[in-house]
Amino acid sequence: MQFLYYANSSGSDESRIKASFQAATSGREIEHYTNLTDLEERLRVIVEPNSIAVLVAADQGELQKMQDFREMVTDILVILVIPDWHDATIKLAHLLRPRFLCLLNNGSTDLRQIIAKMVQACG
């Protein structure tokens, strides 16, 4: 199992999300990417089954760019953090087939619990 994290900025929301991810994975190594090109290149290399990726889309444009590699994440458990609950955002988000959707500025307690359950289930 591998852990991938993408966020293009390091604001307080992104830092809180990354901290939740680290806490839920009990200190295991998390591969951190800050641009989509690097993440897409990483996804071209074999990713272990049941790996978990937390992808933070800062805006709808970034979520649109993520569609370029949606076929590469079909075997990965994707947790997608989106900027809003607008219909267009939700439609784009579901094209990536995430296991869990949450808002960028929401609390990260639920996210930590979701990740911990995924780690435990996939073992």
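Residue numbers 783 to 905, in our numbering, belong to the letters of the sequence shown in order. All residues carry an ideal CB built from backbone N, CA and C; glycine is no exception.
Tell me, please, whether the segment 789-797 touches the segment 828-847 by the rule of three or more beta-carbon pairs shorter than 8 Å.
-> Yes: the two stretches touch, three or more of their Cβ pairs being nearer than 8 Å.
Which residue's Cα is closest to the Cα of residue 826: 851, 870 and 846?
-> When each option's Cα is compared against that of residue 826, the closest is 851.
What distance in whole Å lies between the Cβ atoms of residue 878 and residue 848, which are believed to be in contact at a cut-off of 8 Å?
-> Confirmed, about 6 Å.
Own chain partners of residue 887 with C-beta closer than 7 Å, once the 5 adjacent residues on each side are dropped = Excluding residues within five positions, the ones whose Cβ falls inside 7 Å are 795.
State the beta-bridge partners of residue 835 as determined by DSSP.
-> 786 and 860.
Residue burial classification, residue 885 (beta-carbon count within 10 angstroms, cutoff 16) = Exposed, since its Cβ has fewer than 16 Cβ neighbours within 10 Å.
Residue 830 to residue 866, Cα distance in whole Å?
-> It is roughly 30 Å from the alpha-carbon of residue 830 to the alpha-carbon of residue 866.
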